[in-house]
Amino acid sequence: MSKIPVIDAITSQEDIEKIRNILHKKPRNLLLFELGISSGLQITHLLQLHVFDLSEYKSNTNINVCIGNSYYNFVLNDHIINAFVRYLDEIQPMPNDYIFKSRNGDHPLDLSSVSNMVKSWFIKAELQGHFGSQSLRKTWQYFKKQNNQEDNEDDIDLELNILPPIERQTVQKQIWDRLYEGIITGKIPPGTELKTIELSKQFNVSLTPVRMALTWLQVQGLVTAPKKKACVVKKLTYEGVIEIFTIRSVLEPLAFKNAWQHFRQATISKLENLIKKCENSNDWATYQQVHKQIHLTLYRDSHMPLLLEYINNLLDKTNALYINYYSSLKDSENKEILNNNLSKHKEILKHINKNNFDQAIEIIKKDILEGQDRIIQYFLMVYDKKHTK
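In terms of the UniProt record's numbering, the sequence shown has 385 at position 385, counting the first letter as 1, and numbering is strictly consecutive.
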């Protein structure tokens, strides 16, 4: 019976550079390599990392990440940071994405495909020996010993008996929250330039979390990036508004249809609570956010996360328009619209409870069309008079 060969480590800086050159045009693979040879984490642990785990740190910072029920310490060096920034620029991920996610997006890559991928790097580099995915961590071990540091597993696997530090994932999230709220409420108007350096000074943070927050906004379609170091809040056009409502009129009934057979009592209870919040809201910004949550709650049992994400982004794009529209109306007009919307929501809920699918979906379609008519009329009056001629 043949013996299983011992997996080798990369023992020369020259060979490390060979693989870096091979992976230079593939930021995600390069990031996996840099983390593998520098963090001490096993491949199975690296595959569990999310974008937010790495997204706010400066070089040579000791970080603590949660994987499963354990916490792991490692240092972010220049190579990891540079690979991560390139990864962000090319992939433009969302904060909760797995860094090394599979094609369907819900799971990380499987170990088998990663092992084959890593082996291919060593073959292309023409390294002599037995190499595989375990070679990455063995390389970390080799150079750690070379630096006279004892290889103690407890240095890496630190299961803490305290609550995890929340600061890791909140800096860029707080920046995104502030910018996102400003954009969808109209406080940061369309056409506003968001400069990375100015925002980092304003928030008193490094450039990395600002860049990350702007990347998320860009992925959501709320900003564009015509310049390398700045983004611009998108301006809606007449054609764009028409397109948004046209797409909504197709996607929202589809989501509701798929949710219909899976409605849970918890969903119905949440709808009831949201309708009460709408009745008690004191300002249009709050009302509009709750109104949006009603739509998303109607569709959440569809088990179609990509569809819900797309609908959410479409609702965000017209949110500021709705708030400005409501604010421009007289109190009596606002009250009429509010009562009309609440009546429709209650009717939908009644038909859900009575299992009347056709009636419920017709009200949803009517709600979208009525919203389209109001918003387009307001948009033409305030922003785009050329289409009224």
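From the three backbone atoms N, C-alpha and C, an ideal C-beta is built for every residue, glycine too. Only a predicted model underlies this, so the values are computations on that prediction, with no experimental measurement involved.
Item to check | Whole-Å CB distance - H295 paired with N341, under 8 Å assumed | outcome: Contact between H295 and N341 is absent: CB atoms are separated by about 11 Å, not below the 8 Å threshold.
Next on the checklist: Suppose you measure from the CA of Q48 to the CA of E17; what does that come to, to the nearest Å?
Outcome noted: Roughly 26 Å separates the two Cα atoms.
Checklist entry - Can you tell me whether DSSP reads L308 as helix, strand or coil? => result helix
Next on the checklist: Going by the DSSP bridge assignment, what does E193 pair with across the sheet?
Outcome noted: V232
Checklist entry - Just how far apart, CA to CA, sit E14 and M117? => result 21 Å
Checklist entry - Using 8 Å as the Cβ pair cut-off and three pairs as the minimum, do the region 229–245 and the region 296–310 touch? => result Contact between the region 229–245 and the region 296–310 is absent, because fewer than three Cβ pairs lie under 8 Å.
Checklist entry - Which residue or residues does DSSP assign as beta-bridge partners of I10? => result None, per the DSSP bridge assignment.
Checklist entry - Mind checking Q92: buried by the 16 CB within 10 Å criterion, or exposed? => result exposed
Item to check | Where the beta strand (DSSP E) containing T208 begins and where it ends | outcome: Here T208 belongs to no beta strand (DSSP E); instead the alpha helix (DSSP H) covers 207–219.
Checklist entry - Buried or exposed: which applies to M381, given that a residue is buried once 16 or more other Cβ atoms fall within 10 Å of its Cβ? => result exposed
Checklist entry - Run through DSSP, which three-state label would Y383 get? => result coil
Next on the checklist: Please report the distance separating the alpha-carbon of A266 from that of V241.
Outcome noted: The straight-line gap separating the alpha-carbon atoms of A266 and V241 is approximately 33 Å.
Checklist entry - Can you list, in chain order, the residues of its chain whose CB lies under 8 Å from that of S135, leaving out five sequence neighbours each side? => result Result list for S135: I7, D8, A9, I10, V118, F122, in chain order.
Checklist entry - With a cut-off of 8 Å, does the C-beta of E181 fall near any C-beta of chain D? => result Note that chain D does not occur in the displayed structure, where there is just one protein chain.
Checklist entry - Is it the case that the Cβ atoms of I361 and F256 are separated by a distance below 8 Å? => result yes
Item to check | Closest residue to D177 among V250, G191, L314, M212 (Cα-Cα distance) | outcome: M212
Item to check | Cβ pair count under 8 Å reaching 3, the region 353–369 against the region 325–337 | outcome: no
Item to check | Of the residues K25, V65, F52, the one placed nearest G40, counting alpha carbons only | outcome: V65
Next on the checklist: In this structure, how does DSSP classify N21 when only helix, strand and coil are distinguished?
Outcome noted: DSSP places N21 in helix when its eight states are reduced to three.
Item to check | Reduced DSSP secondary structure (H/G/I, E/B, other) of K227 | outcome: Strand, per DSSP.
Next on the checklist: On a Cα-Cα basis, can you pick out the residue from K366, I323, L254 that is closest to Q288?
Outcome noted: I323
Checklist entry - Measuring CA to CA, which of S249, I247, H303 is closest to Q261? => result The shortest Cα separation from Q261 among S249, I247, H303 belongs to H303.
Checklist entry - What residue from N21, L271, L46 has the CA that sits closest to E347's CA? => result L271
Item to check | Within 8 Å, strictly: CB atoms of L35 and N29 | outcome: No; because the gap between Cβ atoms is not below 8 Å, this pair is not in contact.
Checklist entry - What residue does the alpha helix (DSSP H) around I337 start on, and which one ends it? => result Residues 331–353.
Next on the checklist: Going by DSSP in three states, L222 sits in which element: helix, strand or coil?
Outcome noted: Here DSSP, grouped into helix, strand and coil, assigns L222 to coil.
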